[in-house]
Amino acid sequence: MNTRYLALILLLLSSSSLWAIEVYDFKNQQQRELYQELTQELRCLVCQNQNLADSDADLAKDLKNQVADFVMNNQDKDTILAYMVQRYGDFVTYNPPLNAGTFFLWFSPFIVLLIGAVILIFNIRKKKQ
Amino acid sequence: MLPEIGQFLLVLALLLATALTVLPMLGYARNNETLMQTARPLSHVLFITTMASFVILVVLFVQQDFSVRYVAENSSLELPLRYRITAAWGAHEGSILMWVTVQALWIAAVAKFSRSLSLDQIARVLSVLGFIALGFVAFVLFASNPFETIFPVPLDGRDLNPLLQDFGMIMHPPLLYFGYVGLSVAFALSVAALIGGEINEQWIRWSRRWTNIAWAFLTMGIILGSWWAYYELGWGGWWFWDPVENASFLPWLAGTALIHVQAVSERKNAFRGWTVLLAIIAFSLCILGTFLVRSGSITSVHSFAADPFRGIFILVLLAIYSGGALTLYTFRANQLKSRDTINLNSRETLMLANSLIFITATFTVLLGTLFPMIFEAVGKKISVGAPYFGLMFFVLMIPMAVLLPLGSQLKWHRDDVMLAIKQLVPYLLITTVLAVIVWFLFKPLNMRAIAGIYGGLWVFTATVGQWFKHPARGSAGVIGMSVAHIGVAVFLFSMSMTEHKDTEKDILMQPGSTHQVAGYDFTFTGVDRVQQENYQAQQGHVEVRREGRLITTLNPQKRFYPKQQMPMTEAAIYAGWTKDIYVSLGEAVNKEGGWAVRIYIKPLIRWMWFGGILMLSGAIIALFSTRIKRQEDKQRDRVMEQQLKLS
Amino acid sequence: MKKIVITLIPLALFFGLVTLLFLNMGYHNEHVPSPLIGKSVPSFELPLLYEDKTMTEQDFIGEPWLLNVWGSWCPNCLYEHPVVTDLAQSGKLKVVGLNWKDEFSDADNWLKRLGNPYDVILVDYVGNTAIDFGVYGAPESFLIDANGIIVHKIVGELTPENVANEILPKLAQLQ
Chain U
1 MNTRYLALIL LLLSSSSLWA IEVYDFKNQQ QRELYQELTQ ELRCLVCQNQ
51 NLADSDADLA KDLKNQVADF VMNNQDKDTI LAYMVQRYGD FVTYNPPLNA
101 GTFFLWFSPF IVLLIGAVIL IFNIRKKKQ
Chain H
1001 MLPEIGQFLL VLALLLATAL TVLPMLGYAR NNETLMQTAR PLSHVLFITT
1051 MASFVILVVL FVQQDFSVRY VAENSSLELP LRYRITAAWG AHEGSILMWV
1101 TVQALWIAAV AKFSRSLSLD QIARVLSVLG FIALGFVAFV LFASNPFETI
1151 FPVPLDGRDL NPLLQDFGMI MHPPLLYFGY VGLSVAFALS VAALIGGEIN
1201 EQWIRWSRRW TNIAWAFLTM GIILGSWWAY YELGWGGWWF WDPVENASFL
1251 PWLAGTALIH VQAVSERKNA FRGWTVLLAI IAFSLCILGT FLVRSGSITS
1301 VHSFAADPFR GIFILVLLAI YSGGALTLYT FRANQLKSRD TINLNSRETL
1351 MLANSLIFIT ATFTVLLGTL FPMIFEAVGK KISVGAPYFG LMFFVLMIPM
1401 AVLLPLGSQL KWHRDDVMLA IKQLVPYLLI TTVLAVIVWF LFKPLNMRAI
1451 AGIYGGLWVF TATVGQWFKH PARGSAGVIG MSVAHIGVAV FLFSMSMTEH
1501 KDTEKDILMQ PGSTHQVAGY DFTFTGVDRV QQENYQAQQG HVEVRREGRL
1551 ITTLNPQKRF YPKQQMPMTE AAIYAGWTKD IYVSLGEAVN KEGGWAVRIY
1601 IKPLIRWMWF GGILMLSGAI IALFSTRIKR QEDKQRDRVM EQQLKLS
Chain A
2001 MKKIVITLIP LALFFGLVTL LFLNMGYHNE HVPSPLIGKS VPSFELPLLY
2051 EDKTMTEQDF IGEPWLLNVW GSWCPNCLYE HPVVTDLAQS GKLKVVGLNW
2101 KDEFSDADNW LKRLGNPYDV ILVDYVGNTA IDFGVYGAPE SFLIDANGII
2151 VHKIVGELTP ENVANEILPK LAQLQ
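Chains as they are written, first to last, in our numbering: chain U, 1 to 129; chain H, 1001 to 1647; chain A, 2001 to 2175.
So this is what it looks like as structure tokens:
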């Protein structure tokens, strides 16, 4: 992470030159997309329901820097998410994990759909007779 | 003086709504025609009363009467006149008064345009609507009175929330209220039908029209809300799955199911109970949404100031209206006997399948919105957001798109499914060819993008083809349906492109520097200060060029509203036919005028909203269906004859 | 009768929903529970505010301690300052400050003005250790046992109530 800050500071000091650089110097498009994906999935904890990408809060900036560092250091998505969840809990991700507590959340829509389909077909059949 | 008159008018409205609730229903119970006939005039007077009190509130804002708390809190001496007028419904109290006014307007409209209903039917419908108005007028009077005065009178007001000083946000709430309140007509009809224990085709045909209008308003309100979030919040997103957004989306989803089921039950005496239940659900979700937005029980970017008393009040209203309607449903639904049979191989089946998909979607959104509450009940916290809803909608809406052309291909009553599928094969081939072309133009595309694009093209080609072959392609019903379905196609296609082929860059730019994003050169020429009536802004200048040719100069702003001590990001957008170029300012990064600048390229994003506009246009066009009009005329003559005979 | 049971389902579901909404109004709050309770303190190596050395989590093993995250910019830290002072002076446990996202001169002035209740003050101006602790706002306080296990966390300011009802009973359990 130090290299990035160093580059930034150097640029800020050398004000005479014309520069336009990306805030985060990602190595490639995959990294850039991973960063965007992660900052959209992670919650800004101090905000009223905003993700990191959409937030200007100080904590959000820190967390974005942290995410960017991980991404630039070739960490994968799961590792970065796990890092955040370990510290802030499941609340930090907008993508709820699949476990016993969230089973209902993930599967009840399909159960509703299935039951509905059975009732629908049953009713149509019944009326046919 | 004016505030007191406004207040008095509200008390009067409360009495009128009580009369409207009690008298016609009493007349129905005792078969007393005179009492039932009070329904229509009472409706009109109720509307005049509430409208007058709303106009008074607007006048208070125009006159800058800071002795009224609501005015003092949401206006200021510097606020331009146009925003003073719209501030009348900018915050909680005024917006609920507007809701009541719109409700009364709708009731008056129902009283006027209901010649095809018999007196006992309209008496029951208006009585139920009066009861709904009663609850909301009481809510205004007892929990959110906009006419409350304060002493000492402040010299200046606290100004309107800057987020609301904007056209999109001015139009968004009224449109939503027209939608919510419009759904109350179908709700009232259902309750009236349950009270009477019977419902016939004429009733459903009559309420279909109201549902279509309500749904069109709701669609427009949601489109405006999405458009507003896109350009005003400064993050380039168009839908965040925020609980407040979901609150307006829920009635829309249930309304979509309702529209399709009404089309079935208007033609057939079947699934009437389902129609009635859907109408109850749709309106209940409007009240539930209001509760979520205004009670502070959910965490959202857009919540109104939370007030537990208001929350409890709305919850009680919800319990009375929806609980009452569902209790009636429990005991009376079985009396709405279905006599007709439905063939499995018919359009009806597919329409019902559609309602099932949409009601499942409704359930999913509701579950995702409320699930954090369930977790909180056991002391844990969880977030449910875009990744969940996005995946669920993908899984639910792809079958919807696949089945849609089959539904419009099949005939009513009875058809041959295998034959219909065979007839769809040419469209499938055309779709595939088009999809391959799109793939080569825009690869790489991920799975979801491909599915969405394929689904959009599939619905488009099939709908256009079916329309050309349709024997009655000139009829408003067929045109309306086709236009709405093309809207679905346009939405699916452009939404997939917007979501999956967009570009986003955060760049630190020194004045004079240029950066290339997606083939466009962005030159940042610096930031200067702008002073407006009630805010100061730092305005950036970004020149956009393509191959050296200047396309546009964008001027994104960072605004500061001193009264509200609130900073705002005002994005600058170049709206093109095929893509939007969207620039917003981050913050200054050094003393030499360097700024962080955010640049987005959003392909086809306007087409997505245009798809929504096509959907609602379809719903409006269908109102002019001659088939329905003919049958309505017949029915009206029948009612007239009956009345003549009686007198 | 059987039919009524079926048509009763929507009403029953609705009733459940309203109950949930009603109950939630009572206990909805914005505090995020920490997943670190019962886990070891994240490892850190931080400089001190007033001494030219660094400390790690290992240096605190041996007795229970309270880590209080604060900053001179934080209004609620001002409110809790007397409570923190009382707790530190009671001698019941060691109170360690974590000066978060601050500047030395501001923090120093703040302490000079109000008094320094802390046994020792760790400094995290970049904010990385705070992230490791799952801090999302100041003030926050962590009760940590003699083995370096986080026992309890209080989000928001310490008050005489939550010290008496949460911190001290948990502390008593440790001893």
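All C-beta atoms, glycine included, are put in the ideal place defined by N, C-alpha and C.
Closer than 7 Å at the beta carbon, the chain H residues around P2010 of chain A: L1277, L1326, Y1329
N2024 of chain A at chain C interface by Cβ criterion, 8 Å: The structure shown has no chain C; the protein chains it does contain are U, H and A.
Proximal chain U residues relative to P2047 of chain A, where beta-carbon distance stays under 7 Å: What P2047 of chain A touches in chain U: nothing, since even the nearest Cβ is about 16 Å away.
Whole-number beta carbon distance between L2098 of chain A and L2143 of chain A, since they are thought to touch under 8 Å: Incorrect: roughly 14 Å between the Cβ atoms, too far for contact.
Selected residue, minimal CA-CA separation from I1281 of chain H, among A:E2045, A:F2014, A:A2138: A:F2014
Rounded C-alpha distance that separates P2047 of chain A from Q40 of chain U: The straight-line gap from Cα to Cα measures roughly 34 Å.
Spatially closest choice to K2112 of chain A from A:H2081, A:L2023, A:L2158, A:V2096, by CA coordinates: A:H2081
Within 8 Å of chain H by C-beta, residues of the segment 80 to 100 of chain U in sequence order: G89, D90, F91, V92, T93, Y94, N95, P96
Close-in-space but distant-in-sequence residues of the same chain around L1396 of chain H (CB under 8 Å, 5 per side omitted): I1357, T1360, A1361, T1364
Bridge partner(s) assigned by DSSP for D1159 of chain H: Answer by DSSP bridge pairing: none, since D1159 of chain H is not bridged.
Where the segment 53 to 68 of chain U meets chain H: residues whose CB sits under 8 Å from a CB there: A53, D54, D56
Three-way DSSP call (helix, strand, coil) for P1567 of chain H in this model: strand
Three-state secondary structure assigned by DSSP to S1095 of chain H: Under the three-state reduction of DSSP, S1095 of chain H is assigned to helix.
Inter-stretch contact (C-beta, 8 Å, three-pair minimum) for the segment 1570 to 1581 of chain H and the segment 1546 to 1555 of chain H: In the pairwise beta carbon analysis, the segment 1570 to 1581 of chain H is classified as touching the segment 1546 to 1555 of chain H: at least three pairs are separated by under 8 Å.
Whole runs of the alpha helix (DSSP H) within the segment 21 to 72 of chain U, excluding any shorter than 4 residues: 29 to 41, 58 to 72
Chain-order list of residues whose beta-carbon lies under 7 Å from that of M1615 of chain H (same chain, five-residue window excluded): T1219, A1484, G1487, V1488
Integer-rounded CB distance, given that I1005 of chain H should sit under 8 Å from R1069 of chain H: No, R1069 of chain H and I1005 of chain H are not in contact; Cβ-Cβ is about 17 Å, not under 8 Å.
E1499 of chain H, DSSP secondary structure in three states: helix
Option in H:M1351, H:K1337, H:L1336 with minimal Cα separation from N1343 of chain H: H:M1351
Where L45 of chain U meets chain A, residues with beta-carbon distance less than 7 Å: Within 7 Å Cβ-Cβ: V2032, Y2136.
Cutoff 8 Å: H2028 of chain A Cβ touching any chain H Cβ: yes
Nearest neighbour of L2023 of chain A, chosen from H:L1315, H:S1408, H:F1136, H:F1393 [CA to CA]: H:L1315
Below-8 Å beta-carbon distance, F2142 of chain A vs any chain H residue: No, because no Cβ of chain H sits closer than 8 Å to the Cβ of F2142 of chain A.
Cutoff 8 Å: I1382 of chain H Cβ touching any chain U Cβ: yes
Validate contact between the segment 1592 to 1608 of chain H and the segment 1473 to 1482 of chain H using beta carbons, cut 8 Å, 3 pairs: No, the segment 1592 to 1608 of chain H does not touch the segment 1473 to 1482 of chain H.
Three-state secondary structure assigned by DSSP to F1389 of chain H: helix
Where G2016 of chain A sits in the DSSP three-state scheme: Note: G2016 of chain A maps to helix in three-state DSSP.
Contiguous alpha helix (DSSP H) assignments of at least 4 residues, all confined to the segment 1271 to 1333 of chain H: 1272 to 1295, 1308 to 1332
Pair within 8 Å by beta-carbon distance, V85 of chain U and L34 of chain U: no
Cut-off 7 Å between Cβ atoms - residues of its own chain near S1338 of chain H, not counting five sequence neighbours on either side: Cβ-Cβ distances below 7 Å link S1338 of chain H to N1269, A1270, F1271, R1272 in the same chain, with the five nearest sequence neighbours on each side left out; the list follows chain order.
Assigned secondary structure, D1528 of chain H (DSSP; H/G/I helix, E/B strand, else coil): strand
Closest by C-alpha distance to V23 of chain U, when choosing among H:V1589, H:E1641, H:F1493, H:I1621: H:V1589
Per DSSP, the bridge partner or partners of T2054 of chain A: A:P2047
Three-state class that DSSP yields for S1355 of chain H in the structure shown: helix
Buried or exposed (CB count within 10 angstroms, at least 16 for buried), M1001 of chain H: With fewer than 16 other beta carbons inside 10 angstroms of its own, M1001 of chain H counts as exposed.
DSSP state of E1649 of chain H mapped onto helix, strand, coil: Past the edges of chain H, shown from 1001 to 1647, lies residue 1649 of chain H, and the structure says nothing about it.
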